[in-house]
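Let me begin by presenting the structure, written as structure tokens, before commenting on it.
In the numbering used here, the protein residues as written are 6 to 262.
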């Protein structure tokens, strides 16, 4: 499957998928390309789920549930991280917005029937408690911006706050910042300018009024709090049994589908 990462990138994602030692249920592009503010020198973040054989899970040795690899492909830095299906399902049940963004990414390098099943179950995982994930992620990125003054963590701060607000209001996961600017009317008007500036360099400095952006970040935190309090999302997910069935069924089949 071909993924359009822009005219300046020519990366053979199909070969990356084919090289994996265990079946992949899916592989998608995450990171700056998913968020809508890649730079000319951004790496390509591939995320997905692999399927360990039953023998790896019933023996004495600890299974290799998470695999990561970084390399360069024709000058492009590649970052691949995959989890075994069981671990990924557990992360889905822990109010982890990050894995849901990977699962629902429209930038699909590889898909299967099992991937489609996981996507269909995603709405049953969502709860109002996902606001905690985005609130904590935003605070971490803001502290990083305060430390290094770079544009990247500042955009991440705004992106995750807007994703959280939109999720609490709509019940849907949207990770693409330019789309969020049209969906959340309270988004700062200067964000398109920051997105354009980020395109020039992955680790460039942020030429912003710090007092102004700090006030906007605090304002969005308050909006996220209010959106969580008013959210129609349930307080408890209803996905456990269906995810358990999927994990067992796909594992015993021994293939991604």
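Don't be surprised by glycine CBs; every beta carbon is placed ideally from N, CA and C.
From a predicted model like this one, the values you see are computed outputs, not experimental measurements.
Mind checking who residue 31 pairs with in its DSSP beta bridge?
Paired residues: 54.
I'd like to know if the region 97-115 and the region 164-184 are in contact, where contact means that at least 3 CB-CB pairs between them fall below 8 Å.
Enough Cβ pairs lie closer than 8 Å, so yes.
Does the Cβ of residue 106 have 16 or more other Cβ atoms within 10 Å, making it buried, or fewer, making it exposed?
Its Cβ being crowded by 16 or more others within 10 Å, residue 106 is buried.
Could you tell me the distance, in whole angstroms, from the CA atom of residue 24 to the CA atom of residue 233?
If you take the alpha carbons of residue 24 and residue 233, they lie about 42 Å apart.
Just how far apart, CA to CA, sit residue 92 and residue 48?
Each residue's alpha carbon lies about 25 Å from the other.
Could you tell me whether the Cβ atoms of residue 53 and residue 26 are closer together than 8 Å?
no
Count the other C-beta atoms from every protein chain shown that fall within 10 angstroms of the C-beta of residue 168, then say buried if there are 16 or more, exposed otherwise.
buried
Jot down the residue ranges of each uninterrupted alpha helix (DSSP H) in the region 126-168, minimum 4 residues, whole runs only, in chain order.
Fully enclosed alpha helix (DSSP H) runs of 4 or longer: 135-153.
From residue 153 to residue 62, what distance separates their C-alpha atoms?
43 Å
Verify whether the separation of the beta carbon atoms of residue 186 and residue 110 is less than 8 Å.
For residue 186 and residue 110, no; Cβs fall outside 8 Å.
Please identify the residue among 204, 199, 137, 203 whose C-alpha is closest to the C-alpha of residue 231.
137
Tell me the DSSP bridge mates of residue 82?
Per DSSP, 77.
Take residue 128 as the anchor and find which of 79, 160, 244 has the nearest alpha-carbon.
244
Residue 213: which of 119, 157, 44, 59 sits nearest, CA to CA?
157
Can you tell me whether residue 102 is helix, strand or coil according to DSSP?
helix
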